[in-house]
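Beneath this line is the structure, given in structure tokens, with notes to follow.
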Amino acid sequence: LESSHLSLAGTMVNCAGGRTPWGSWLSCEETTVTTGQQKVNKPHGFVYEVPSKARGIVDPEPITAMGRFRHEAAAIDPRSGVVYMTEDVGDGMGLFYRYLPNDPRHLHKGGRLQALALPEGKDGDPRNWNSTYWSPGDWRSVHWIDLDGVDNPHEDLRNRGHEKGAAWFARGEGIFWGKDELFFTCTSGGPKKGSQIMRYVPSPQE
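With our numbering applied, the sequence shown has no gaps in its numbers, which climb one by one up to 211 at the end.
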């Protein structure tokens, strides 16, 4: 260890997060505690960007367009700037998200938040809890559903997304961008709820 310093304050339950191709860190809150709960004075559940060159506390400015939910981790496609995010919800009913930024190098400038959907819509259940939707090695073509009300004041973003056809994922965790593809894990997916590893390959149109 050569040195250490505080980089971010005023946030809660920050989990895995992820790095950006331009040298910053996305710090993700894994809570949706809001004003009046647990003695807090503002809503939580957002993503914050911390420049890696900062040598002190940065202003905790939430990237609200990336949604308010129980964020776990984030990974960016360096070719397109699309940000992929997992949601870690204890009941196993979370979504897999992507953020299409208006300006890939300035995430605060807004964008569109979407959730992944399978061909069967909300009837497609990749968790494999009650029946085998797919087995290791199986592929599905997917599409993405636009989400609205992403500031999520009523804690219903994932439910509204599922009603529109987005798939449930069982406690989305770490996410890693590899070579033109990404991998993410689900803690309690699978028939024994022992975890799953998912692989996603964006289409050339993305």
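Just so it is clear, CB atoms sit at the ideal spot from N, CA and C, and this is done for glycine as well.
Between residue i and residue j, what straight-line distance do the alpha-carbon atoms span, to the nearest angstrom?
i, j, result
"glutamate 92", "threonine 37", "12 angstroms"
"isoleucine 68", "glutamine 201", "29 angstroms"
"lysine 170", "valine 55", "Note that residue 170 corresponds to glycine in the displayed sequence, not to lysine. Approximately 33 angstroms, taken between the alpha carbons."
"glycine 86", "serine 136", "36 angstroms"
"valine 94", "arginine 60", "33 angstroms"
"phenylalanine 188", "tryptophan 182", "7 angstroms"
"threonine 190", "glycine 199", "11 angstroms"
Run through the DSSP bridge pairs and tell me what residue i is partnered with.
i, result
"serine 29", "Pro56"
"valine 119", "Contrary to the premise, residue 119 reads as glutamine rather than valine in this sequence. Looking at the DSSP assignment, glutamine 119 forms a beta bridge with Arg103 and Asp151."
"glutamate 211", "DSSP lists no partner for glutamate 211."
"cysteine 191", "Gly177 and Gln201"
"arginine 73", "Note: arginine 73 sits in no beta bridge, so no partner."
"asparagine 19", "Glu34"
In three-state terms, what does DSSP make of residue i?
i, result
"leucine 112", "helix"
"arginine 213", "The question about residue 213 has no answer here: the residues shown for the chain are numbered 6 through 211."
"glutamate 125", "coil"
"glutamate 168", "helix"
"arginine 176", "coil"
"arginine 163", "helix"
"alanine 80", "strand"
"alanine 90", "Reading the sequence as shown, one finds methionine at residue 90 and not alanine. Strand."
"arginine 24", "strand"
"glutamate 66", "coil"
"asparagine 46", "coil"
"tryptophan 144", "coil"
Taking the beta carbon of residue i as the centre, do at least 16 other beta carbons fall within 10 Å, making it buried, or is it exposed?
i, result
"alanine 14", "exposed"
"histidine 49", "buried"
"valine 52", "buried"
"glutamate 178", "buried"
"threonine 40", "exposed"
"valine 206", "exposed"
"glycine 28", "exposed"
"proline 109", "buried"
"leucine 123", "buried"
Mind reading off the beta-carbon distance from residue i to residue j? Whole number of angstroms is fine, and I expect it under 8 angstroms.
i, j, result
"lysine 63", "serine 12", "It is worth fixing the name first, because residue 63 is valine in this sequence and not lysine. So it is a contact: roughly 6 angstroms between Cβ atoms."
"glutamate 34", "histidine 76", "6 angstroms"
"alanine 80", "isoleucine 150", "Not really, about 20 angstroms apart at Cβ, beyond 8 angstroms."
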